[in-house]
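Student: Numbered according to this note's numbering, the sequence shown terminates at residue 128, and the numbering increases by one at each position without gaps.
Note that CB positions come from ideal geometry on N, CA and C, so glycine has one too.
It should be emphasised that the depicted structure is a prediction, and the values quoted were computed from it without experimental measurement.
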Amino acid sequence: MTAPRKALPAIDPQRCTGCGWCVGVCPPHVLSLQVQGPERFGPKRSVLHDAPGCTGCALCALRCPFDAIRMVRNSPQ
């Protein structure tokens, strides 16, 4: 018997403003704000940095004021 697939946050970089609300509300602290691209400066965006640690609670998606996060079921291993 296999465990049910959990949903993980998929972050739309075009909608994410880097406000950090999702990072603050995440119970297992698996989201962070990071600069996107090769530059070491610029706007930060939310990133799921620890997918195995995500509980799939969807608090990040519910809290995002820009609808930049949707929960997506991950593919079976």
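Drop a sphere of 10 angstroms on the beta-carbon of L113, count the other beta-carbons inside from all chains shown, and report buried for 16 or more, exposed for fewer.
Tutor: For the purposes of this step, residue 113 is taken as the residue at position 62 of the sequence shown. Exposed, because fewer than 16 other Cβ atoms sit within 10 Å of the Cβ of L113.
Student: Mapping DSSP to helix, strand and coil, what is P94?
Tutor: Along the sequence shown, read from residue 1 onward, the residue named residue 94 stands at position 43. Coil, per DSSP.
Student: Just checking my contact of C39 with C108 at CB under 8 Å: how many whole Å lie between their CB atoms?
Tutor: Given that the chain is displayed from residue 52 to residue 128, the structure contains no residue 39 and the question cannot be resolved.
Student: For D118, which residues from the same chain have a beta carbon less than 7 Å from its beta carbon, with the 5 sequence-adjacent residues on both sides left out?
Tutor: Numbered from 1 along the sequence shown, position 67 holds the residue referred to as residue 118. Around D118: R66.
Student: Per DSSP, what kind of secondary structure is G86 in: helix, strand or coil?
Tutor: Start at 1 with the first residue of the sequence shown, and residue 86 comes out as number 35. For the sequence presented, residue 86 should be read as Val rather than Gly. Correct three-state label for V86: strand.
Student: To the nearest angstrom, how far is it from the Cα of S97 to the Cα of R121?
Tutor: In the sequence shown, the residue the question calls residue 97 occupies position 46. In the sequence shown, the residue the question calls residue 121 occupies position 70. Straight-line Cα distance between these residues: approximately 13 Å.
Student: Quick one: using the 10 Å Cβ neighbour count with 16 as the cut-off for buried, is P60 buried or exposed?
Tutor: Here residue 60 is taken as the residue at index 9 of the sequence shown, counted from 1. Under this definition P60 is a buried residue.
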